[in-house]
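Structure first, commentary second.
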Amino acid sequence: PQLEKCRCLSDGCETMTVSKTGFCSKHGAGRTCSFQGEGGCLKPARKGFKFCFAHGGKTFCRVKGCQKGAQGKTERCISHGGGRRCRVSGCVKSAQGATLLCKSHGGGRRCEYGNCKSSAEGNTSYCITHGGGKRCKSRECKRGARGNSDLCIAHGGGRRCQSSGCSKGAQGSTLFCIAHGGGRRCTIEGCDKVMKTNGLCFSHGGGKRCIIADCVKGSQGKTGLCNAHMRESLVGNQAKAQIQKRRKLR
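Residue numbers (our numbering): 1082 to 1331.
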């Protein structure tokens, strides 16, 4: 008899399944990964393999020296051009999830915090800014962990600059920190400064500006003010505090 589709029996799971066990593939239906290491693995084995994707149930990328799994029907991993690509003209990034776009162009899951439009990280429902993804394991640090490490960039996580003697974090898809030429650069011909926004460095119009009318200086952090107006604001607040304090003493 044909099995009826029902909701997975695992607590909190909303996935519909037709498994004899009553569970979806994520929670144990079908063949599970044969990995025998510490704790084992409960992920479903991939079709034609005894293991899940993470433990070797994959066809390896055809690029020499690459140990990553080939994506979909292609013979290459995502880093070497495999899998589905973003449909936005000129974009070569990988399409995310069931969407046809990369993260930068709105593909994949979005952060569920308020009106945030950033992409959700890892298995969480939030972006890094709002607490999603892996967090740094360093004591009292709330930043997001980078790459395959358990630490943020400030505490040694992520890729490091390849310049001899440098321990700073490598920027973007480059192998170097900003000081040694890494990261994206301004698109204005002859300019090698670091790009802020819209392909431009700060000197050529990139980056956020001070919110004070007619001020074209760069804003600092989340204040929305340049250094000069931030100092004025602090002095003004201190003066107000002193006036209020004197009034209370009268």
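For glycine and all other residues, C-beta sits at the position ideal for the given N, C-alpha and C. Since we're looking at a predicted model, the values are computed, not measured.
Bridge partners - residue i, DSSP secondary structure assignment
i	result
Phe1141	Gly1150
Arg1290	Gly1299
Leu1337	The structure shown does not extend to residue 1337, since the chain is modelled only from 1082 through 1331, so no value can be given for it.
Gly1250	Arg1241
Thr1304	Partner(s): none; Thr1304 has no beta bridge.
Separation of residue j from residue i, as counted between CA atoms
i	j	result
Pro1082	Ala1179	Note on Pro1082: pLDDT 48, under 50, position unreliable in the model; no value is reported.
Gly1237	Arg1224	12 Å
Val1173	Gly1263	20 Å
Glu1034	Asn1204	Not covered by the structure: residue 1034. The range shown for the chain is 1082 to 1331.
Cys1307	Gly1317	15 Å
Ala1151	Gln1177	16 Å
Leu1281	Cys1272	9 Å
Cys1087	Pro1125	19 Å
His1285	Lys1249	26 Å
Ala1322	Asn1229	48 Å
Ala1226	Ser1206	16 Å
Arg1266	Ala1135	35 Å
Arg1312	Gly1121	57 Å
Gly1287	Gly1246	31 Å
Arg1241	Leu1256	7 Å
Cys1094	Gly1195	24 Å
Member of the options whose CA lies at the smallest distance from the CA of residue i
i	options	result
Ile1259	Cys1158, Cys1167, Ser1284 and Lys1274	Lys1274
Lys1139	His1211, Cys1147 and Arg1127	Arg1127
Thr1186	Cys1197, Cys1167 and Glu1202	Looking at the sequence provided, one finds His at residue 1186 rather than Thr. Selected option, being the one with the closest Cα: Cys1167.
Lys1184	Ser1170, Asn1196 and Ala1201	Ala1201
Gly1171	Leu1182, Gly1163, His1161 and Gly1164	Leu1182
Arg1143	Cys1133, Glu1156, Lys1131 and Phe1132	Glu1156
Cys1233	Gly1214, Gln1243 and Ser1244	Gly1214
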